[in-house]
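Quick notes on the structure that follows.
Written out as structure tokens, the structure reads:
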């Protein structure tokens, strides 16, 4: 089945540690996105990529990094510079930036 | 600053009731408005609206956009317990406004349907 796969479902980070969240899609979508969701808040855009080997900062990019070396993959690294990383992270993709985005099941990141 | 406001923030109804969820927006260079349903994990796409006054319908759910008054409503008739979820509204602007053409999400409306 076509879809977006995020892994792991749950992740724990120690202080000072970088962690990487995986996002893979087999929908042949060009555009991919990373969002952060905090309790009672809407989704906030971290980074997005409209095409392979290109990505742009969203509204809250500080403390995060991404890469887009393959069309189907858009991993997100939460660096030690992100001081409040505890949140639910959602990856999305779309055919292009004007089409509806479809979401993965998310990764819940917590601090040890 | 572009923003999307949803109301109410939470709502409790009984099975069989009809509910109306509201989404108002202030966005420069509006392009489209989207509704999503989020249960436990992934938001699932419901509707995308671009034109005023044209109702989109899917089963018991329907939505309409008013571009003059800058709002949209999502109606759910004959609610069921399976409709319990957070409903998210998001607006997309053209890519030369403050939001750079990205989706701007509201905080969501949490709907609880009691048996």
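Protein chains in written order, with the numbering used here: chain A, 350 to 461; chain B, 17 to 131. Where is the CB? At the ideal position from N, CA and C, for every residue including glycine. Every value quoted in this text rests on a predicted model; they were computed, and no experiment measured them.
Residue from the options whose Cα sits closest to the Cα of residue i
{"i": "residue 419 (chain A)", "options": "A:357, A:356, A:366, A:375", "result": "A:375"}
{"i": "residue 391 (chain A)", "options": "B:62, B:63, B:51", "result": "B:51"}
{"i": "residue 381 (chain A)", "options": "A:446, A:438, A:360, A:456", "result": "A:446"}
{"i": "residue 460 (chain A)", "options": "A:401, A:355, A:367, A:354", "result": "A:367"}
{"i": "residue 117 (chain B)", "options": "B:31, B:26, B:45", "result": "B:45"}
Beta-bridge pairing of residue i - partner residues as DSSP gives them
{"i": "residue 125 (chain B)", "result": "B:103"}
{"i": "residue 30 (chain B)", "result": "B:130"}
{"i": "residue 59 (chain B)", "result": "B:54"}
{"i": "residue 443 (chain A)", "result": "A:380"}
{"i": "residue 68 (chain B)", "result": "Residue 68 (chain B) pairs with nothing; no bridge assigned."}
{"i": "residue 371 (chain A)", "result": "A:356"}
{"i": "residue 109 (chain B)", "result": "B:46"}
{"i": "residue 405 (chain A)", "result": "A:397"}
DSSP state of residue i mapped onto helix, strand, coil
{"i": "residue 36 (chain B)", "result": "strand"}
{"i": "residue 456 (chain A)", "result": "strand"}
{"i": "residue 93 (chain B)", "result": "coil"}
Residue i classed as buried or exposed, judged by whether at least 16 other C-beta atoms fall within 10 angstroms
{"i": "residue 58 (chain B)", "result": "buried"}
{"i": "residue 351 (chain A)", "result": "exposed"}
{"i": "residue 108 (chain B)", "result": "buried"}
{"i": "residue 99 (chain B)", "result": "buried"}
{"i": "residue 49 (chain B)", "result": "buried"}
{"i": "residue 398 (chain A)", "result": "buried"}
{"i": "residue 97 (chain B)", "result": "exposed"}
{"i": "residue 396 (chain A)", "result": "buried"}
{"i": "residue 67 (chain B)", "result": "exposed"}
{"i": "residue 359 (chain A)", "result": "exposed"}
{"i": "residue 353 (chain A)", "result": "buried"}
{"i": "residue 70 (chain B)", "result": "exposed"}
{"i": "residue 60 (chain B)", "result": "exposed"}
{"i": "residue 94 (chain B)", "result": "exposed"}
Do the stretch 377 to 385 of chain A and the stretch 411 to 425 of chain A touch if we need at least three Cβ pairs shorter than 8 Å?
Here the stretch 377 to 385 of chain A makes contact with the stretch 411 to 425 of chain A; the two share three or more CB pairs at distances below 8 Å.
Does the stretch 447 to 458 of chain A come into contact with the stretch 27 to 38 of chain B, if we say contact requires no fewer than three beta-carbon pairs (one atom in each stretch) closer than 8 Å?
As far as the Cβ criterion goes, the stretch 447 to 458 of chain A does not touch the stretch 27 to 38 of chain B, which means the pair count is below three.
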